[in-house]
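A.B. asks: Quick one: the structure is below, questions incoming.
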Amino acid sequence: MLTVSGVHTFYGAIEALKGVDLEVSAGEIVTLIGANGAGKSTLLMTICGNPPARAGRVIFEGEDITRLPTFEIVRRGIAQSPEGRRIFPRMTVLENLQMGSISAKPGSFNTELERVFHLFPRLKERIDQRAGTMSGGEQQMLAIGRALMSQPRLLLLDEPSLGLAPLVVRQIFQVIKDINREQKMTVFMVEQNAFHALKLAHRGYVMVTGKITMSGTGAELLANEEVRAAYLEGGH
Amino acid sequence: MTAISESAAGRALPWPSMLRESGLAAFVALLLTVPLVGFRTVDRPTGLGISTRFDEVLAAAALVFIGRLGLCLVNEGRALLVMVLSILALAVSAFVGFPTEALKVIAMGGAFVISLRAAMKINGDAAITLAAVYVALFLGPWLQLGGGVTLWLVAKSVIAAAALAVAVWRGLHAWRKHGAPVSLADRDKAMDRIAVKVQQASRFLGPVGIAFALIFPFLPIADRVSIDIGILLLTYIMLGWGLNIVVGLAGLLDLGYVAFYAVGAYSYALLATYFGWGFWICLPLAGVLAALSGVLLGFPVLRLRGDYFAIVTLGFGEIIRVILINWYQFTGGPNGISGIPRPSFFGLAEFNRNPTGGLPSFHEMFGLEFSSLHRIIFLYYLILALALVVNLFTLRVRKLPMGRAWEALREDDIACSSLGINRTNMKLGAFAIAAMFGGFAGSFFATRQGFISPESFTFIESAIILAIVVLGGMGSQVGVVVATFIVIGLPEMFRELEQYRMVAFGMGMVLIMLWRPRGLLAHRDPTIRLQGYGGGGTPAAGTAAAGGEAIAGGRAK
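If you read the sequences in order, they're chains L and C.
Numbering follows full-length UniProt numbering, with no gaps: position 235 of the first sequence is 235.
Numbering follows full-length UniProt numbering, with no gaps: position 385 of the second sequence is 385.
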């Protein structure tokens with residue numbers, strides 16, 4: 001579904017991605033783990049074309065989207081829940097969700113809204129509340145819900161567990177699993193919380209300073225000595 | 001009330017630290033006033049000379065010292081004493097002669113603020129009482145009973161009477177109950193509540209205000225001067241609403257809005273004087289030209305963000321002005337354009353006594369006595385209609401995808417692009433539409449004045465319009481109206497202070513920014529509510545992101 005091949009991305013003169021190859025197939029949950037500053041978020045941003053890759057190609061459903069502007073990429077069925085959630089704080093929950101459906105097919109709003117409320121009943125309770133006054137977990141739910149409103153076929157999640165209490169993290173990951181299973185949604189997720197992410201994901205990649213160093217099924221990586229030593233010891 | 005000061009009176013005052021703090025404040029005041037006030041250039045027969053006025057510098061520093069000492073005393077629990085003293089000081093300085101009016105303004109303003117601060121320390125009712133008394137004293141008709149009844153006098157008297165009633169009612173409270181002192185946070189919260197109430201009341205206050213604006217020219221209190229002021233206020237309200245689209249909704253800080261005003265004004269003036277076209281043909285053309293200039297500016301600029309964006313718009317405003325000054329053959333340069341035709345009555349009649357253009361005259365057409373007021377009233381309705389169009393547009397567009405996208409851009413423009421919003425087009429749209437409204441206002445300005453020159457389009461105009469939007473509370477339509485009355489109306493009110501009215505005006509601005517840092521009416525109303533879900537009633541009133549869960553309360557179904 002999504003193929004990233006030989007992607008190099010620069011911030012000015014700094015090479016953040018040094019030839020990344022990876023693949024996400026339809027119906028999968030794929031996770032990318034790595035330390036701070038490894039380039040995980042940059043990869044997600046590059047898939048969305050902001051900044052675009054300087055070399056290499058990003059193919060989505062057979063189409064080269066490397067050079068497309070971000071809004072065109074989103075219209076082709078990729079939705080992103082960006083790092084740090086980035087909900088609209090002064091707008092209500094409903095307005096936030098409506099912003100998510102701005103590039104969706106017209107007329108889809110009500111059914112998508114029902115679906116999001118089914119996944120996150122909490123959002124339905126908070127429908128008229130200003131998003132900025134909600135807790136971190138609720139804001140994360142809103143960020144994912146907002147991304148789903150555009151009826152994507154590929155959902156990109158950037159650190160959905162960032163700054164959340166362990167209990168809330170478990171809730172969020174459960175919902176990601178549900179989205180994948182019930183809606184057959186393909187999910188590509190960047191995470192620092194390696195343990196939870198690998199347990200959830202079908203497959204995983206490990207990124208170190210702009211390069212993919214390892215890949216395998218979630219279970220394989222969880223069992224891998226190096227991964228354990230680098231990302232799991234003392235963690236989760 | 002007395003309980004607080006008695007309990008504190010037992011403690012000794014920390015004089016050394018209080019004196020040190022006051023001295024420091026006075027020192028800072030000295031540093032600031034020496035270069036600004038201490039020296040002035042004077043014309044001498046031999047050329048420019050410098051005269052000093054250090055006596056005024058010292059007086060200002062002394063005032064600051066006393067004021068700071070008063071604040072220290074308030075913090076040490078001597079609120080009642082300071083309140084009484086500062087009220088006395090206010091009263092005395094109102095009648096005593098000062099070496100200059102500026103010192104008088106500083107003394108009175110300082111005493112005003114300190115007495116309010118002291119009253120807050122006593123309790124909330126005392127503070128409200130005092131504030132209401134000040135409003136009543138300031139607006140009361142005491143000074144002008146000799147003159148005729150003007151709209152201004154009526155409005156002032158009504159407000160003063162209301163303030164007096166509040167003062168009596170709250171004053172009784174303050175005497176009976178020994179309420180707790182009010183903290184700054186309490187004050188801000190109370191003001192937030194008031195702002196939310198006002199904004200909610202705008203649903204019926206709006207129509208009432210519009211109805212009043214509609215019948216205003218026919219009220220007996222409306223004379224030529226008050227209608228002229230009405231036109232001035234409406235022009236700024238329209239410009240404020242226009243700029244509100246860019247600054248308030250889309251969150252783009254535009255410091256050069258006056259450029260579009262100028263493009264509109266010159267478009268009309270040039271089209272009308274070169275081709276002899278009428279106002280009603282030129283108005284849409286001026287709007288289109290202004291919108292085009294907005295797009296022209298927008299293309300290179302919209303990739304910039306924040307401060308950089310603001311600086312470039314500032315430059316654009318200046319570029320337009322400099323072009324107008326220097327393109328002498330086309331724009332008349334600094335001499336401007338005069339003899340700009342007045343608008344006709346929708347192309348059917350003219351407002352002159354003896355029309356020359358082949359059209360009948362207005363008063364004959366309607367069988368009225370000729371009056372020069374007809375044209376002014378017509379201009380009044382013209383700008384009222386234009387302003388209402390802008391307002392209606394903004395109210396509608398907030399409920400459409402485009403307006404929502406603008407608001408989302410203001411909130412977080414990175415999130416917007418990840419939602420598939422074409423940021424460039426959206427920003428260009430906001431820019432072009434606001435520019436178009438600025439252009440409309442500009443051609444109205446040209447036709448009203450009959451004469452325009454680059455001097456009318458300096459940066460200070462942009463700053464005033466921006467001040468209206470920011471003071472009103474970004475994105476608030478009612479806020480723009482309230483702020484226009486303050487920003488344009490206050491300098492009119494302070495006319496008795498003559499050249500120092502700008503000092504008083506500046507002080508007023510500082511106070512508003514201290515008390516309402518996010519604007520007078522910063523509350524944002526949601527644009528959509530779904531029937532059948534938890535909502536439909538009042539909006540959740542959490543204005544600040546304060547901890548989340550606790551505020552949320554039970555909004556479940």
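Glycine included, each C-beta is placed from N, C-alpha and C at the ideal position.
Computed from a prediction, not measured in an experiment: that's the story for all the values here.
Go ahead and pull the three-state DSSP assignment for C:Glu407.
C.D. replies: helix
A.B. asks: Suppose you measure from the CA of L:Phe173 to the CA of L:His196; what does that come to, to the nearest Å?
C.D. replies: 8 Å
A.B. asks: For L:Pro160 and C:Leu73, I'd like the C-alpha separation in whole angstroms.
C.D. replies: 52 Å
A.B. asks: Could you check if L:Lys40 is buried or exposed, using at least 16 other CB atoms within 10 Å of its CB as the buried criterion?
C.D. replies: buried
A.B. asks: Do you know how far the Cα of C:Val263 is from the Cα of C:Ile320?
C.D. replies: 8 Å
A.B. asks: Name the chain C residues that come within less than 9 Å of L:Glu95, Cβ to Cβ?
C.D. replies: Arg404, Glu407, Ala408, Pro526, Thr527 and Ile528
A.B. asks: Determine the chain L residues that contact C:Asp412 at a beta-carbon separation under 7 Å, and present them in chain order.
C.D. replies: Ordered by position in chain L, the residues that pass the 7 Å Cβ test against C:Asp412 are Arg86 and Phe88.
A.B. asks: Give the residues from the segment 89-123 of chain L that approach chain C closer than 7 Å (Cβ to any Cβ), ordered along the chain.
C.D. replies: Pro89, Arg90, Met91, Thr92, Leu94, Glu95, Gln98, Met99, Gly100, Ile102 and Ser103
A.B. asks: Under a three-way DSSP split, which group does L:Arg130 fall into?
C.D. replies: In this structure, L:Arg130 counts as strand in the three-state DSSP scheme.
A.B. asks: Quick one: Cα of L:Ile29 to Cα of L:Met45, how far?
C.D. replies: 18 Å
A.B. asks: Check C:Gly535 in the structure and name its three-state DSSP category.
C.D. replies: Residue confidence for C:Gly535 is low, a pLDDT of 39 falling below 50, so the modelled location carries little weight and cannot support an answer.
A.B. asks: From this set, C:Lys197, C:Arg40, C:Leu400 and C:Leu289, which residue's C-alpha is nearest C:Gly479's C-alpha?
C.D. replies: C:Lys197
A.B. asks: What does L:Lys18 pair with, by DSSP beta-bridge criteria?
C.D. replies: L:His8
A.B. asks: 8 Å is my cut-off, CB to CB: does residue 559 of chain C come that close to chain L?
C.D. replies: The question about residue 559 of chain C has no answer here: the residues shown for chain C are numbered 1 through 557.
A.B. asks: Considering only the beta carbon of each residue, do C:Tyr236 and C:Ser443 sit closer than 8 Å?
C.D. replies: Cβ atoms of C:Tyr236 and C:Ser443: not closer than 8 Å.
A.B. asks: To be precise: take each residue of the segment 139-154 of chain L, compare its Cβ to all Cβ atoms of chain D, and keep it if any distance is under 9 Å. Which residues remain?
C.D. replies: Protein chains L and C are contained in the structure displayed, whereas chain D is not.
A.B. asks: Short of 8 Å in beta carbon distance, which residues of its chain neighbour C:Leu69, apart from the five on each side in sequence? Order them along the chain.
C.D. replies: Met18, Leu19 and Ser22
A.B. asks: Quick check: the Cα distance between C:Leu359 and C:Arg375, rounded to an integer number of angstroms?
C.D. replies: Spanning the two alpha carbons is a distance of roughly 15 Å.
A.B. asks: Are the C-beta atoms of L:Arg54 and some chain C residue less than 8 Å apart?
C.D. replies: no
A.B. asks: Provide the residue(s) that pair with L:Ala79 in DSSP beta bridges, ordered along the chain.
C.D. replies: L:Leu155
A.B. asks: If contact means a Cβ-Cβ distance below 8 Å, which residues of the segment 422-433 of chain C contact chain L?
C.D. replies: Listed by position along the chain: Asn422 and Arg423.
A.B. asks: Take C:Val42 and list the residues in its own chain whose beta-carbon comes closer than 6 Å to its own, dropping the five residues that flank it on each side.
C.D. replies: Gly49 and Ser51
A.B. asks: Using a beta-carbon distance below 8 Å, is C:Pro300 in contact with chain L?
C.D. replies: C:Pro300 does not count as touching chain L.
A.B. asks: Could you tell me whether any Cβ in chain C is nearer than 8 Å to the Cβ of residue 237 of chain L?
C.D. replies: No answer is possible for residue 237 of chain L: the residues shown for chain L start at 1 and end at 236.
A.B. asks: Based on Cα-Cα distance, which residue from C:Phe366, C:Ala446 and C:Ala111 lies nearest to C:Tyr379?
C.D. replies: Going by the sequence as given, residue 379 of chain C is Leu instead of Tyr. It is C:Ala446.
A.B. asks: If the cut is a Cβ gap below 8 Å, which residues of chain L does C:Leu233 touch?
C.D. replies: Neighbours of C:Leu233 on chain L: none; closest Cβ ~29 Å, over 8 Å.
A.B. asks: Going by CA-CA distance only, name the one from C:Asn123, C:Arg398 and C:Gly248 that's closest to C:Arg170.
C.D. replies: C:Asn123
A.B. asks: Give me the Cα-Cα distance between C:Gly534 and L:Arg126, rounded to the nearest whole angstrom.
C.D. replies: For C:Gly534, the pLDDT reaches just 42, beneath the cut-off of 50, and the residue's location in the model is therefore unreliable, although a value from the coordinates is still provided. Cα to Cα, C:Gly534 sits roughly 8 Å from L:Arg126.
A.B. asks: DSSP has L:Leu2 in a bridge; who is on the other side?
C.D. replies: L:Val24 and L:Phe60
A.B. asks: On the CB-based measure, 16 or more other CB atoms within 10 Å of its CB, does C:Ser372 come out buried or exposed?
C.D. replies: exposed
A.B. asks: According to a CB-to-CB cut-off of less than 8 Å, which residues of the segment 190-223 of chain L neighbour chain C?
C.D. replies: none
A.B. asks: Against chain C, does L:Asp178 count as a neighbour if the rule is that its beta carbon must be under 8 Å from one of theirs?
C.D. replies: no
A.B. asks: Is any beta-carbon of chain L found at less than 8 Å from that of C:Gly415?
C.D. replies: Here residue 415 of chain C is Ala; the residue named in the question, Gly, does not match the sequence. So, interface residue.
A.B. asks: Could you run through the segment 164-175 of chain L and flag, in chain order, every residue whose CB is less than 9 Å away from some CB of chain C?
C.D. replies: none
A.B. asks: Since L:Lys211 is in the beta strand (DSSP E), which residue starts that stretch and which ends it?
C.D. replies: L:Lys211 -> beta strand (DSSP E) spans Lys211 to Thr217.
A.B. asks: Express the C-alpha separation of L:Ile33 and L:Gly204 in angstroms, rounding to a whole number.
C.D. replies: Between L:Gly204 and L:Ile33, the C-alpha separation is close to 7 Å.
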